[in-house]
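Chemist: I am attaching a structure below and will ask some questions about it afterwards.
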Amino acid sequence: MAGGIRPINRPRRFKALSLTRLVPNVATLMGMCTGLTSIRFAMQDRWEAAVAAILIAGIIDGLDGRLARMLNASSRFGAELDSLSDFVCFGVAPAMMLYFWSLHELGPIGWALSLLFAVCMSLRLARFNTQMLGEPEMPTWAYRFFTGVPAPAAAALAMWPIVLTLQFGEGIFDSPYIVAPYGVLIACLMVSRLPTYSFKKVKIPRAWVLPLMLAFGASVAFLVSSPWLTLSAIAAIYLISMPLSYRSYRRMGVENQHEMDKADEEDDDGESDEDPEEGLNRVHQN
Numbered sequence: 001m002a003g004g005i006r007p008i009n010r011p012r013r014f015k016a017l018s019l020t021r022l023v024p025n026v027a028t029l030m031g032m033c034t035g036l037t038s039i040r041f042a043m044q045d046r047w048e049a050a051v052a053a054i055l056i057a058g059i060i061d062g063l064d065g066r067l068a069r070m071l072n073a074s075s076r077f078g079a080e081l082d083s084l085s086d087f088v089c090f091g092v093a094p095a096m097m098l099y100f101w102s103l104h105e106l107g108p109i110g111w112a113l114s115l116l117f118a119v120c121m122s123l124r125l126a127r128f129n130t131q132m133l134g135e136p137e138m139p140t141w142a143y144r145f146f147t148g149v150p151a152p153a154a155a156a157l158a159m160w161p162i163v164l165t166l167q168f169g170e171g172i173f174d175s176p177y178i179v180a181p182y183g184v185l186i187a188c189l190m191v192s193r194l195p196t197y198s199f200k201k202v203k204i205p206r207a208w209v210l211p212l213m214l215a216f217g218a219s220v221a222f223l224v225s226s227p228w229l230t231l232s233a234i235a236a237i238y239l240i241s242m243p244l245s246y247r248s249y250r251r252m253g254v255e256n257q258h259e260m261d262k263a264d265e266e267d268d269d270g271e272s273d274e275d276p277e278e279g280l281n282r283v284h285q286n
């Protein structure tokens, strides 16, 4: 009304969040801090601690998403924070480690290659985020594979020359002329369309449960007693699995296409049975 008092627009208050809903985001921040700390260790030439920090960040990255689902605390904010943490821990930190460790001997070229690794990581994460938002539904079997090498695995593979040097000594694997092309290869694998196994979706038959548990226990024992040799073996096995994953992806794709073609043929047969005159007309036309 004229001359009336206008209502006061009060600022919108945020709803209070329970402490349990903050746990996944706190874990993500812990992982980011661990990844950044690896850069500090690399600047101090503490390579064992630097590699261990990246591996711990990878473990935390695998846990925070599961914590969010278990606690029903998934949010857009958490997803963006997780993506930023992945870029810092698995893109920036390994690139800086490789530069401080070996690539600095190549001067500006070594720095450019380090930037290339970080840029490829950012492109991979951006592609993953856009796929999560707008990509159409995929067949069930396709979720058993990643597109390209995932971020934590790429960071671990990038550190493989450092791990080999810690195990076998200096002189070969720390050469910048070996580290440079290897780093470019890992960067290209990140942004490639190569299908790689997603072990989160693998279903284990009951007969294989006990042997796999024994193998996991043996791996932990070897990791404690001889960590660098065990990590080197795991990285080699993962690289060997890439051609196998590509072959499995193609085979499943062909099988799925055959099933779709068979279903289409059955639909066509059903339609012809319902309308015999149309079938006869096609015969006469042929």
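In terms of the working numbering, the sequence shown opens at residue 1 and continues consecutively.
Glycine included, C-beta positions come from ideal geometry on N, C-alpha and C.
Measure how close the beta-carbons of ALA153 and ALA118 come, nearest whole angstrom, since I'm counting them as under 8 Å.
Modeler: Position 153 of the sequence shown holds residue 153. Position 118 of the sequence shown holds residue 118. That belief does not hold up - the Cβ atoms of ALA153 and ALA118 are roughly 16 Å apart, past 8 Å.
Chemist: What would DSSP say about PRO150, mapped onto helix, strand or coil?
Modeler: The sequence position of residue 150 within the sequence shown is 150, counting from 1. In this structure, PRO150 counts as coil in the three-state DSSP scheme.
Chemist: List the endpoints of the continuous beta strand (DSSP E) containing PRO195.
Modeler: Position 195 of the sequence shown, counted from the first residue, corresponds to residue 195. From DSSP, the beta strand (DSSP E) with PRO195 extends over 195-197.
Chemist: Would you decide whether ASP45 is buried or exposed? Buried here means 16 or more other CB atoms lie within 10 Å of its CB.
Modeler: As a first step, residue 45 must be located in the sequence shown, where it is residue number 45. Exposed, since its Cβ has fewer than 16 Cβ neighbours within 10 Å.
Chemist: Using the beta-carbon count (16 or more within 10 Å), is SER102 buried or exposed?
Modeler: The residue labelled residue 102 in the question sits at position 102 within the sequence shown. The residue is buried, with at least 16 neighbouring Cβ atoms inside 10 Å.
Chemist: In whole angstroms, give me the CA-to-CA distance for PHE216 and VAL26.
Modeler: As a working note, residue 216 is residue 216 in the sequence shown. As a working note, residue 26 is residue 26 in the sequence shown. One C-alpha to the other measures close to 29 Å.
Chemist: What does DSSP give as the partner residue(s) for PHE145 in the beta ladder?
Modeler: Taking the first residue of the sequence shown as 1, we reach residue 145 at position 145. BP columns for PHE145 point to TYR197.
Chemist: Under 8 Å, with one C-beta from each stretch per pair, do the segment 154-171 and the segment 54-63 reach the 3-pair mark?
Modeler: The segment 154-171 is in contact with the segment 54-63.
Chemist: Quick check: what's the CA-CA separation for ALA235 versus LEU71?
Modeler: In the sequence shown, counting from the first residue as 1, residue 235 sits at position 235. In the sequence shown, counting from the first residue as 1, residue 71 sits at position 71. ALA235 and LEU71: Cα-Cα distance of roughly 33 Å.
Chemist: What distance in whole Å lies between the Cβ atoms of PHE145 and TYR197, which are believed to be in contact at a cut-off of 8 Å?
Modeler: For the purposes of this step, residue 197 is taken as residue 197 along the sequence shown, with counting starting at 1. For the purposes of this step, residue 145 is taken as residue 145 along the sequence shown, with counting starting at 1. Between PHE145 and TYR197 the Cβ distance is about 6 Å, and since that is below 8 Å, they are a contact.
Chemist: So is ILE204 buried or exposed if we call it buried at 16+ other beta carbons inside 10 Å?
Modeler: Locating residue 204 in the sequence shown gives position 204, counting from the first residue. Exposed, by the Cβ-count rule.
Chemist: Does DSSP put GLN192 in a helix, a strand or coil?
Modeler: As a working mapping, residue 192 is identified with position 192 in the sequence shown. Position check: residue 192 holds Ser in this sequence, whereas Gln was assumed. Note: SER192 maps to coil in three-state DSSP.
Chemist: Can you give the beta carbon distance from GLY91 to MET121, rounded, assuming they're within the 8 Å contact cut?
Modeler: Counting from 1 along the sequence shown, the entry for residue 91 is found at position 91. Counting from 1 along the sequence shown, the entry for residue 121 is found at position 121. 3 Å between Cβ atoms; contact.
Chemist: Find out if the Cβ-Cβ distance for the pair SER192, GLY148 is shorter than 8 Å.
Modeler: Indexing the sequence shown from 1 puts residue 192 at position 192. Indexing the sequence shown from 1 puts residue 148 at position 148. Going by C-beta atoms, SER192 is nearer than 8 Å to GLY148.
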